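Input: a single structure, listed below in structure tokens.
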Amino acid sequence: MNYLPMMTHQSLDDAVAIRQGRGVTLRQFLADVNHIRQLLRPGQHLLNTCQDRYHFMVGLAAAMVAGKTSLLPSTYTTESVKKIVDFAPDLFCIGDDGNDMGFPYLAFPIALPDAPVDSSPTIPRLDESLPVAYVFTSGSTGIPVPHLKTWGDLVHSVRAEAQRLGLLDGRTYTVVGTVPPQHMYGFESTILMVWQCAGIIATERYFYPADIYAGISSVARPRVLISTPVHLRSMLATDMPLPSVDLLLSATAPLTRDLAANAEARFCSELLEIYGSTETGVVATRRTSQTKEWHLLPELSWMTKGDRIRIQGGHLQQAMAVGDAIEIVDEQHFLLYGRTEDLVNIAGKRSSISHLNHQLTSVSGVLDGVFFMPDESGDGRVTRLVAFAVAPDLDVEIIIERLKQCVDPAFIPRPLKIVDSLPRNTTGKISREALKAMVGALIGNEERSSEIL
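Laid out in structure tokens, this is it:
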């Protein structure tokens with residue numbers, strides 16, 4: 000067996016987190032982990048719903064030390080929770096929001112005892128085969144699916160990420176995150192990577208531009224912002240001067256080159272995008288303002304099997320099929336065209352939902368937008384794309400006319416509906432279930448209107 004340290008901090012007095020403006024030392028963190036470990040309920044599977052990032056990482060570490068496996072869904076819809084309970088009927092929950100969801104619940108203590116100053120706990124070393132977590136897909140293309148992550152896989156993945164991002168240069172970086180730790184991106188980049196590069200985690204949950212601004216400004220440099228296109232767009236839409244960061248990271252959906260360049264100018268920092276998935280973890284990066292090409296992490300390589308392209312090596316125990324339409328440029332670089340499930344074919348013409356979404360949100364005055372392809376009706380009628388746009392100052396006809404300038408007529412949405420907001424989750428994604436509900440409501444309203452007329 001091979002054992003790897005939970006964290007790479009060198010001194011028990013090193014800060015590992017910042018909570019409400021105060022540093023939390025490694026000594027206190029290990030004491031908190033031991034305290035929570037003793038409170039854990041029976042059962043192998045732990046659903047960690049903690050919203051406070053420090054509570055989450057203490058609960059995660061306590062479960063790891065106790066040999067339990069965390070369950071990390073990125074959404075908590077009724078359907079996704081039911082699937083999780085079916086998957087792990089012995090589960091119990093640790094949370095700090097009081098929502099027990101009907102199964103055994105451990106409320107994270109409001110206060111934890113101070114660690115004795117003369118205590119000398121040791122950093123746990125864990126078997127690399129330890130099953131740390133089942134991380135669930137987002138459900139944006141269907142029902143969430145669990146994927147097991149072992150300690151060795153996770154450590155090798157996040158250390159390769161930290162190396163590529165330049166975070167192993169000996170400096171202590173503070174990470175501010177807008178993405179929840181239950182999501183694979185947030186799990187790796189705001190928790191595990193920070194553990195493995197001896198960094199500091201800012202624990203507050205940031206969502207609105209003013210909160211993100213305050214969170215970044217409250218921590219010392221060097222500092223890193225781990226974010227998403229949705230959050231970046233909301234910050235760039237404000238007139239406030241944005242605080243400088245030493246690295247800006249984005250994932251969950253591709254950025255446009257213009258948005259990336261604007262973000263770099265406003266944050267005075269290089270912006271790197273991460274490419275990966277729940278199945279694979281982080282596998283590539285790119286500097287979007289400079290290139291369209293993605294660069295694989297070290298030790299990863301391509302292989303083809305049948306008509307599928309797979310990634311192998313590095314932290315992957317086996318070759319993993321790529322769920323996106325890509326073009327291999329060379330052994331280390333590729334171009335991304337969107338998810339294979341994302342492709343739509345209408346009247347013999349092909350496009351991708353992500354490309355159409357990009358065209359919609361590029362229309363001046365459209366603050367947010369999404370296309371959706373409903374399920375086939377089964378009655379022989381042609382299924383048409385539907386789109387929703389957040390555009391308070393535009394009319395539908397104006398948006399359609401501008402789309403016609405860059406989108407083939409086959410992909411013009413029928414209908415397009417202007418809405419106040421889209422049901423995005425905390426990572427900026429929208430589940431297929433939520434979109435189907437919006438389309439159902441839209442069709443129902445149209446039918447009622449026709450009856451009135």
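Taken in order, the sequence shown gives residues 0 to 452; the numbers are from numbering that gives the first Met the number 0. Glycine residues also receive a C-beta, built at the ideal position from the N, C-alpha and C atoms. Just so it is clear, the structure is predicted and the values come from calculations on it, not from any experiment.
C-alpha of Asp31 to C-alpha of Val84: approximately 28 Å in a straight line. Between Thr24 and Pro179 the beta-carbon gap is near 25 Å, outside 8 Å, which marks them as no contact. Leu105 and Leu38 have their alpha carbons spaced roughly 8 Å apart. DSSP, read as helix, strand or coil, puts Asn33 in helix. The C-alpha of Pro228 is placed about 25 Å away from the C-alpha of Pro373. In the structure shown, the three-state DSSP call for Pro179 is coil. In the three-state reduction of the DSSP assignment, Asp392 falls in the coil class, being assigned neither a helical nor a strand state.
Here Leu167 has Arg158, Ala161, Cys196 as same chain residues with Cβ atoms under 8 Å from its own Cβ, once five neighbours each way along the sequence are excluded.
Taking the Cα of Phe371 as reference, the smallest distance to any Cα among Ser353, Met63, Pro240, Val365 is reached at Ser353. If you draw a straight line from the Cα of Asp96 to the Cα of Pro108, it is about 11 Å long. For Glu127 and Arg285, the gap between their C-alpha atoms comes out near 29 Å.
Rounded to whole angstroms, the gap between the alpha carbons of Asp257 and Gly101 is 46 Å. A Cβ-Cβ distance of about 12 Å is found for the pair Val418 and Val385, leaving them out of contact under the 8 Å criterion. Between Arg163 and Pro4, the C-beta spacing is not below 7 Å. For Asp85, the secondary structure class from DSSP, reduced to helix, strand or coil, is helix. In this structure, the straight-line span from the alpha carbon of Val282 to that of Leu359 is close to 28 Å. When C-alpha distances from Phe333 are compared across Asn1, Leu315, Ile310, the shortest belongs to Ile310. It is roughly 44 Å from the alpha-carbon of Ala132 to the alpha-carbon of Ile398.
Closest option to Ser10, judged by alpha-carbon separation, among Leu46, Pro120, Thr68, Ile308: Pro120.
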